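First up is the structure itself, then whatever we jot down about it.
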Amino acid sequence: MISRHFSIAIAAALSFASVASAQKPVESAADSARRLGTVTVTATRQEESLVMAPLAISVVTPAKLATKRGYSLDEALRDMPGVLAQSRSGTSDIRLVIRGFGARGAGDRSNAGTSRGVRVVLDGIPETEPDGRTAFDLVDMAAASRIEVIRSNASALYGNAAGGVVDITTAMVLEDNFQSLTQMAGNFGLLRTSLRAGQRIGEGSLVLTFTNTGIDGWRANSSARRQLVNAAFSSAPEADTRAKLIATFANDLFHIPGPLSLAQVEADPTQANATYAGRDERRYNRLGRLGVSFEHDVNKANSFGGMLFVNPKVLQRSERGTFRDFNRYHLGGNAIYHNTRQYNARVNGKTVIGADAAYQGGTILFYGLNAANGRGTDLRDNKAEGATNTGLFVQHEVVLGEKLNIELGARYDDITYNYKNNISPWLDAVKSFTRVTPKIGISWLIGSSHSMYANVGGGIEAPAGNETDPAGTFGQDTVTALNPLLDAIRSTTYEVGTRNAVRTTRLGTGMVTYEMALYRTNVVNDIVPYRGGRFYFTAGKVKREGAEFGATVRASSGFGADASLTLSRNRYVKYLVDSVHYGRPGHFADYAGNKMPGVPDAYYSVSLSQRLEASVPLEAKLGVRGLGKYFVDDANRVSVPSHNLVDLTFAVGDPLSLGRGLSMRGFVEIANLLDRKHIGSAFLNPDIVNGVPLAYEPGAPRTFVVSVTLTRRK
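Everything in the sequence shown is counted per the numbering used here, starting at 108 for the first residue and increasing by one.
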């Protein structure tokens, strides 16, 4: 199966290289450079040209988002090299991994419903909590206008849990007023309604989005529903002072079907884990967020800005036999100063200095389950958990002759946990993790549109809140609420890459773009789970190496192609298990040389599209995607088999005018066209029940989705 992955993806890469080799000098080098320079990214905490950024960065445009279901992030990120995004059960809950970061955030005790290791930013406001976990309740693609993904280690810019960064924008500048209605329907009870309206207010813009999504789920105990409201105001983009105001509210309920054994998947993949179904495991989250940001240009050389946000949360869970009530508030902000300087006629400089602060606190009440799997009357625990993440960062960039770009930067982080137990106060504890994270990057514009880059960057990731509980090895857990043996996870990444965009005449006048990256990441103090993640130590060392390739073809004939290929090797350099925690004192297991769980050695995506010559601007797209086998446990005894899936989409690519300012667009998608059985995701280091690992979350069978959008513009 793996050879099929390689043969398909490499054949596509060679065909793209063949197309790119036939370049036609239809424009000057300066014109080409200006064209590429219009692709600007801001996820690097400053505006800069994508072609000159010394990092691996991918962008998802509105055109790509228009043909996605949009309930969660997995479809939007599916075609990116280096990014593994898997739906856990068809709802907003996903497993998100970038170059191995975030891999361990999947399992029973690793919090289904959240990700970690990867920082998610929504309109400049962190969705990632101070301890590094991210819930996706407020992330809805119906409100998104653009996504930027930094695949490189970005802790020097963002601090904790920034092995990769997903930066989502909902606020946008409008050319005219509009109202739109999207109605979507599909198998397994999917019904999704989105209402959007945009109104120019002076030189600014206000965009309102309401989304209501419901799905019965294709597995038992996997139904979900979510209502989301998003309001985004942006002031005049060209003014000296610019401001944004963002308000978002979500009401999100999703059930968790849980993991199965491989035999259960083969017998009936629609079934739920019996224990999960018996307890009706679910998450019911109600939360909102209000944020305001501004930027002010003092003069052409100096500007400053800031951001403040508040994010209250009421979270309820039926989880592992308990009913849990969370009342949390997440708040924080930042301040950033930008300076540009002309050293001489050929040398420019840019400096960014900033500070971030975020705090999340609140109470957690633990109850037993009543007969209806609701909240019981027996209060079992009463905790208060607080986490603070503060950081100071600086970055200086020097541009030599508009060809060579050198960036130097560093960040200091302090991540502090303050846990209190209102029933057992002797467990109260405070623990801090600190680190200075450096980085250096260099990029070189070789020709009209071709750049190469290299960077070295550090990383920090604090153990997440649910990983800090110490081991109750002998049935006594009465020392502290925070494991004193834990330390911050530290990493160093070395990366080189290239990106290019060229004209071609092989398929008519068109454009080929491609990117390639090679990286190596060394991780120390990696999290080591014991007894299915009941507690953790930071004792492992990991070496991650990989190669990423992405390419697109756009021809004037209407033909298009997209391909991505990721090859990686992720192995433990050091990992010694003390078996006293398994009831075998004096015994040890050495997992050095084993593969890191949760990350396949290879995964790919290839799609071919063609605009059909018809009165309606119809586009057909055929895609193939797949991933190789990977292990789900550190011992490398339990694995997920490889799979290849085919998808087919017909879309009205450009809006079809219906007259009087009204237009229509839409798509029909058949996901998993051949109806292949496969594993969609997995619990890592799973529980072993009667000698059988319960690890597998089956992937969805053949699924039909129809979506129609009507838009009126004034």
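Think of the CB as a built atom: it goes at the ideal place given N, C-alpha and C, for glycine as much as any other residue.
Please read these numbers as outputs of a predicted model, since none were measured by experiment.
Which listed residue (the options) has its alpha carbon closest to that of residue i
{"i": "residue 300", "options": "276, 740, 335", "result": "335"}
{"i": "residue 812", "options": "574, 475, 507, 757", "result": "757"}
{"i": "residue 289", "options": "298, 337, 568", "result": "298"}
{"i": "residue 318", "options": "789, 327, 451, 333", "result": "333"}
{"i": "residue 805", "options": "789, 322, 496, 797", "result": "789"}
{"i": "residue 677", "options": "657, 709, 668", "result": "709"}
{"i": "residue 594", "options": "605, 571, 350, 492", "result": "571"}
{"i": "residue 521", "options": "669, 239, 483, 147", "result": "239"}
{"i": "residue 755", "options": "732, 768, 771", "result": "732"}
{"i": "residue 163", "options": "241, 257, 230", "result": "257"}
{"i": "residue 699", "options": "680, 713, 684", "result": "680"}
{"i": "residue 485", "options": "476, 493, 496, 568", "result": "476"}
{"i": "residue 365", "options": "374, 343, 388", "result": "388"}
{"i": "residue 645", "options": "791, 652, 531, 636", "result": "636"}
{"i": "residue 313", "options": "347, 354, 348", "result": "354"}
{"i": "residue 605", "options": "560, 565, 647", "result": "560"}
{"i": "residue 439", "options": "495, 433, 482", "result": "495"}
{"i": "residue 451", "options": "272, 726, 509, 697", "result": "509"}
{"i": "residue 205", "options": "555, 224, 342, 197", "result": "224"}
{"i": "residue 684", "options": "641, 741, 724", "result": "741"}
{"i": "residue 527", "options": "493, 809, 202", "result": "493"}
{"i": "residue 791", "options": "396, 777, 706", "result": "706"}
{"i": "residue 541", "options": "149, 148, 211, 267", "result": "267"}
For residue i, the residue or residues it bridges with in DSSP
{"i": "residue 316", "result": "303, 337"}
{"i": "residue 652", "result": "627, 676"}
{"i": "residue 728", "result": "716, 756"}
{"i": "residue 790", "result": "Partner(s): none; residue 790 has no beta bridge."}
{"i": "residue 704", "result": "DSSP lists no partner for residue 704."}
{"i": "residue 530", "result": "None, per the DSSP bridge assignment."}
{"i": "residue 819", "result": "286, 769"}
{"i": "residue 567", "result": "597"}
{"i": "residue 589", "result": "DSSP lists no partner for residue 589."}
{"i": "residue 351", "result": "341, 400"}
{"i": "residue 291", "result": "299, 814"}
{"i": "residue 557", "result": "BP columns for residue 557 are empty, so no partner."}
{"i": "residue 606", "result": "558, 622"}
{"i": "residue 329", "result": "The partner list for residue 329 (beta bridge, DSSP) is empty, contrary to what the question assumes."}
{"i": "residue 414", "result": "400, 441"}
{"i": "residue 743", "result": "Answer by DSSP bridge pairing: none, since residue 743 is not bridged."}
{"i": "residue 432", "result": "423, 472"}
{"i": "residue 785", "result": "Its beta-bridge partners do not exist; DSSP assigns none."}
{"i": "residue 552", "result": "558"}
{"i": "residue 156", "result": "147"}
Beta-carbon proximity list for residue i, same chain, < 8 Å, skipping 5 on both sides
{"i": "residue 745", "result": "738, 739, 793, 800, 802"}
{"i": "residue 175", "result": "182, 183, 248"}
{"i": "residue 478", "result": "none"}
{"i": "residue 62", "result": "This structure cannot settle anything about residue 62, because the visible part of the chain is limited to 108 through 821."}
Integer Cβ distance of residue i from residue j, believed to fall under 8 Å
{"i": "residue 287", "j": "residue 817", "result": "7 Å"}
{"i": "residue 323", "j": "residue 295", "result": "5 Å"}
{"i": "residue 328", "j": "residue 359", "result": "Between residue 359 and residue 328 the Cβ distance is about 16 Å, and since that is not below 8 Å, they are no contact."}
{"i": "residue 222", "j": "residue 231", "result": "At roughly 19 Å, the Cβ-Cβ gap does not stay under 8 Å, so residue 222 and residue 231 are not in contact."}
{"i": "residue 596", "j": "residue 568", "result": "4 Å"}
{"i": "residue 701", "j": "residue 632", "result": "In fact, because the Cβ distance is near 17 Å, the residues do not count as touching under 8 Å."}
{"i": "residue 589", "j": "residue 524", "result": "6 Å"}
{"i": "residue 179", "j": "residue 165", "result": "That pair is no contact at about 18 Å."}
{"i": "residue 429", "j": "residue 487", "result": "7 Å"}
{"i": "residue 441", "j": "residue 413", "result": "6 Å"}
Contacts around residue i, its chain only, beta-carbon distance under 6 Å, and the 5 residues preceding and following it disregarded
{"i": "residue 372", "result": "803, 805"}
{"i": "residue 659", "result": "620, 669"}
{"i": "residue 814", "result": "291, 773, 774"}
{"i": "residue 512", "result": "159, 506, 550"}
{"i": "residue 409", "result": "446"}
{"i": "residue 500", "result": "461, 518"}
{"i": "residue 330", "result": "323, 324, 362"}
Close-in-space but distant-in-sequence residues of the same chain around residue i (CB under 7 Å, 5 per side omitted)
{"i": "residue 784", "result": "376"}
{"i": "residue 122", "result": "Confidence is the limiting factor: at residue 122 the pLDDT is only 44, short of 50, which leaves the residue's position unreliable, though a coordinate-based value still follows. Answer for residue 122: no residue qualifies."}
{"i": "residue 128", "result": "Bear in mind that a pLDDT of 38 at residue 128, under 50, signals an unreliable position, so the model cannot answer this."}
{"i": "residue 629", "result": "598, 599, 650"}
{"i": "residue 819", "result": "285, 286, 768, 769"}
{"i": "residue 530", "result": "488, 489"}
Practice problem: Entirely within the region 180-252 and at least 4 residues each: give me those alpha helix (DSSP H) ranges in chain order. | Solution: 181-184
Quiz item: At what residue ranges does the region 355-392 contain a whole run of the alpha helix (DSSP H), taking only runs of 4 or more?
Solution: 369-374, 381-386
Exercise. Quick one: which unbroken alpha helix (DSSP H) runs of 4-plus residues sit fully inside the region 486-517? Chain order, please.
Key: none
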